[in-house]
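Trainee: All residue numbers in the sequence shown are consecutive under my numbering, ending with 177.
All C-beta atoms, glycine included, are put in the ideal place defined by N, C-alpha and C.
None of the values given here were measured: they were computed from a predicted structure.
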Amino acid sequence: MIVVAATAMAEGLSALLGSLIAVQTVFVMAGVVTMLAGVAAAFVLRGAARLMRQVTVT
């Protein structure tokens, strides 16, 4: 249910932004947000992997 609500909100927001500014700008902004989320996830998962290695070694 939360995923459906988030998807609907994202679609509505992208439609609103697309009508206010150029559509290409909306896609570029979405790409930047996706890239930043990927980088953040990589750092979080690297830290989790490091923690798991410490737990299994000791």
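Rounded to whole angstroms, how far is the Cβ of valine 145 from the Cβ of glycine 157, which I believe are closer than 8 Å?
Mentor: Working through the sequence shown from its first residue, we reach residue 145 at position 26. Working through the sequence shown from its first residue, we reach residue 157 at position 38. In fact, because the Cβ distance is near 19 Å, the residues do not count as touching under 8 Å.
Trainee: Is DSSP giving methionine 154 helix, strand or coil here?
Mentor: Counting from 1 along the sequence shown, the entry for residue 154 is found at position 35. In this structure, methionine 154 counts as helix in the three-state DSSP scheme.
Trainee: Going by DSSP in three states, methionine 120 sits in which element: helix, strand or coil?
Mentor: Counted from its first residue, the sequence shown places residue 120 at position 1. In this structure, methionine 120 counts as coil in the three-state DSSP scheme.
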